[in-house]
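Trainee: Below is a structure I'd like to ask you about.
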Amino acid sequence: MCSITTILGLIGKNVNYSYSPFIHNTAAAMLRLPFHYTVFNIADREQIPAALDGARALGIGGFNVTIPYKQAVTTCMDRLSAEAQAVGAVNTIINKNGRLLGCNTDIAGVSNPLKPYRDTIHQNPAGIFGNGGAALAAIEALRRDYQPSAIRLFVRTPEKAEALAEQVRARSPQTSIEIFSTGSYEAMRDCRLLINATPIGTKGVQMSENPTILPPEQSIVHHRQIVFDMVYNPLRTPFLALAEKAGAVVIPGIEMLLAQAAESFALWTGTAMPVDRIREKLFLRLTEQP
Ligand code: NAP
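Residues in the sequence shown are numbered consecutively from 0, following our numbering.
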């Protein structure tokens, strides 16, 4: 008798580049679990309700969701987890007999790699570059699990950041959120944690404005800091290279990718992902590629 394979997949736009199929299919094969993960490129957000109804009917086991649909899918869910409600975005869907549960594992993706540094982060200022969806997941992770003395957002559009800060304050009045411009170097220097939640540093993406997170000639990063870059391509971003040179602890974006994937995998399969072995395989694959 052959076993039936459950289909999982990534919903996004132009996501053939994604490492998620490799991560999930390698984990399922290692554990001999009957799951197969693929990509579903959806051209237009108007097609999302139909796509998800199809998934209900076909019994697709679940999805990851990425840019630009993390917010758009929320209205199609039958239920949202507390995390998805908190950030208004879904990156993981579980199909339970045709009922879709929307979850957010990006929060764990930020929180889990920071666990060894809890004491450094607690009650000290933490800085985040950016004010998009990933920044919001980082705010939620810090607020819930680390309680820094303040969360500083370093942004190019303060009005947008202020709206985001208001949203967080409404839910959590005790959380201190401060908005700074991208040139506020003093405020960056006394953060014990700096997180890049912008695409700056991504391979092949040229930024006309703020081409690097920090100008290298300003010695902002130092050895008492933890520097976390969400960008995972390249593995060693210019921001991480700068931080390494300054003696800071560095956390590459691949750690967030693995941590959020592990959380999603456990939700779909009920089994823990062997993260250390997957990391090894992923590094091998990425360093072999040109
Ligand atoms: P998003 O919602 O589009 O937000 C991007 C943010 O970056 C916005 O705040 C934007 O500012 C800011 N930004 C873009 N270019 C900038 C520049 N040149 N100077 C200053 N700020 C700039 O995207 P997202 O979903 O938050 O994702 C952000 C990054 O995190 C992406 O690179 C994504 O790949 C990465 N990410 C990685 C993981 C992982 O697993 N490692 C998970 C999620 C996201 P404005 O608001 O002013 O436009």
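The beta carbon of each residue, even a glycine, is placed where N, CA and C say it ideally should be.
Only a predicted model underlies this, so the values are computations on that prediction, with no experimental measurement involved.
(1) Could you tell me which residues DSSP pairs with N111 in its beta bridges?
(2) Give the secondary structure of L213 by DSSP, where H, G and I count as helix, E and B as strand, and everything else as coil.
(3) Does the region 120-136 come within contact of the region 147-154, defined as at least 3 CB pairs closer than 8 Å?
(4) Between the region 17-24 and the region 66-80, do three or more beta carbon pairs fall short of 8 Å?
(5) Counting Cβ pairs closer than 8 Å, one from the region 24-35 and one from the region 270-278, do we hit at least three?
(6) Within the continuous beta strand (DSSP E) that includes A125, where are the two ends?
(7) Regarding A134 and the ligand NAP, is the C-beta to nearest heavy atom distance less than 7 Å?
(8) Beta carbon of N15: closer than 7 Å to some heavy atom of the ligand NAP?
(9) I'd like to confirm the pairing. Which residues does DSSP put opposite Y36 in its beta bridges?
(10) Can you find a C-beta in chain C that's less than 8 Å from the C-beta of I253?
(11) Excluding the 5 residues preceding and the 5 following S171 in the sequence, name in chain order all residues of the same chain whose CB lies nearer than 8 Å to its CB.
(12) Specify the secondary structure class of V167 as computed by DSSP and reduced to three states.
(13) Leaving out five residues on either side along the sequence, give the residues of the same chain with a beta carbon under 7 Å from the beta carbon of D189.
(14) Count the other CB atoms, across all protein chains shown, that sit within 10 Å of the CB of S207; report buried if there are 16 or more and exposed otherwise.
Mentor: Taking the geometry as given:
(1) As a working note, residue 111 is residue 112 in the sequence shown. N111 pairs with nothing; no bridge assigned.
(2) Numbered from 1 along the sequence shown, position 214 holds the residue referred to as residue 213. Reduced to three states, the DSSP call for L213 is coil.
(3) yes
(4) no
(5) The way I'd put it, the region 24-35 does touch the region 270-278; three or more beta-carbon pairs between them come closer than 8 Å.
(6) Taking the sequence shown and counting its residues from 1, one reaches residue 125 at position 126. P124 to F128 is the span of the beta strand (DSSP E), which, as asked, contains A125.
(7) Your numbering for residue 134 matches position 135 in the sequence shown. A134: yes, Cβ under 7 Å from the ligand NAP.
(8) In the sequence shown, counting from the first residue as 1, residue 15 sits at position 16. For the ligand NAP, not one heavy atom lies less than 7 Å from the Cβ of N15.
(9) Taking the sequence shown and counting its residues from 1, one reaches residue 36 at position 37. Bridge partners of Y36: L7.
(10) Looking at the structure shown, chain C is missing, and only one protein chain is on hand.
(11) The residue given as residue 171 occupies position 172 in the sequence shown. In chain order, R142 place their CB closer than 8 Å to the CB of S171, counting only its own chain and leaving out the 5 sequence neighbours on each side.
(12) The residue you call residue 167 lines up with position 168 of the sequence shown. The answer is helix: DSSP assigns V167 an H, G or I state.
(13) Counted from its first residue, the sequence shown places residue 189 at position 190. Excluding its 5 nearest sequence neighbours in each direction, D189 has C-beta neighbours in its own chain below 7 Å: P124, listed in chain order.
(14) As a working mapping, residue 207 is identified with position 208 in the sequence shown. Exposed, since its Cβ has fewer than 16 Cβ neighbours within 10 Å.
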